[in-house]
Amino acid sequence: MFKKSILTRCFILAVLVLVLIGISFVFHTENDSRFLLGQESPFISGDEKEVTITAGGGQVDEGKEEEALKKKKEEEERLKEERLREEERLREEERLREEERLREEERLNKEADEKKKAEQAEQAEQAEKERKQREQEEKERIRKEENERLQQADIEIPKHHIIGSDEFTDEGETFHLDPHEFRLPEDGDAIVIPQHHKVGTGEYETSGEL
């Protein structure tokens, strides 16, 4: 009786194992059938590209492959065009910066030239003023020296004008002129004596002509 119970249990376990094996076989067979028919791929999931397998022999769908290659080529062309546009933009920006730099350099050079010309003109004007001032000072010095020489010298008047006539006399004496009694004309040709010396005396006659 005990042996019969053990055998019964073993038989039940064996049946259960066979049932599980059968279910597992059916499940795998169904998945394999779907894979072969292109309905599902157990090896592709997530963000990976979809690959379709035909039931006629397991070949890749050439239409989708060509479409993928076309899209890839178009993307490469788009990226290439964007890169070219970016390079062109950078070149244009560089050209504009160079033009701006040249304009600024030209402006600074022009300002420097104008400043230099203004300084040169100012220096020339100052030099001209100094030259004229030196010339005037030299003239004044010469005039002063001449006046001092005349004031310190004894001037001999060889003949005197006779008062009231157009005649001259050789009589006379050498005397020292008072600075207030003569002046040096601008042209320097002659000494003008404002009063006449009386012939034969040390006196002066205020009448007469110059």
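The sequence shown begins at 1 in full-length UniProt numbering and counts up one residue at a time.
Positions of the beta carbon are idealized from the N, C-alpha and C atoms, including for glycine.
Just so we're clear, the structure is a prediction, and the values are computed from it rather than from any experiment.
Alpha-carbon spacing of residue i relative to residue j, whole angstroms
{"i": "R143", "j": "E105", "result": "56 Å"}
{"i": "E140", "j": "Q123", "result": "25 Å"}
{"i": "residue 251", "j": "K110", "result": "The chain is shown only over 1 to 210; residue 251 falls outside these bounds and no answer can be derived."}
{"i": "R103", "j": "K116", "result": "20 Å"}
{"i": "I23", "j": "K70", "result": "45 Å"}
{"i": "V17", "j": "K72", "result": "52 Å"}
{"i": "E146", "j": "R131", "result": "22 Å"}
{"i": "T81", "j": "E114", "result": "The displayed chain sequence assigns Glu, not Thr, to residue 81. So the alpha carbons of these two residues sit roughly 49 Å apart."}
{"i": "residue 229", "j": "A118", "result": "It is not possible to answer for residue 229, since the shown part of the chain is limited to 1 through 210."}
{"i": "E86", "j": "E100", "result": "21 Å"}
{"i": "I12", "j": "E67", "result": "57 Å"}
{"i": "R134", "j": "A127", "result": "10 Å"}
{"i": "E74", "j": "F25", "result": "46 Å"}
{"i": "L96", "j": "R89", "result": "11 Å"}
{"i": "I6", "j": "I21", "result": "23 Å"}
Which of helix, strand or coil DSSP assigns to residue i
{"i": "S41", "result": "Annotation note: pLDDT 47 at S41 (below 50); position unreliable, no value reported."}
Exposed unless 16 or more other CB atoms sit within 10 angstroms - verdict on residue i
{"i": "F175", "result": "Here F175 scores only 40 on pLDDT, less than 50, and its place in the model should not be relied on; the value that follows carries that caveat. F175 should be labelled exposed."}
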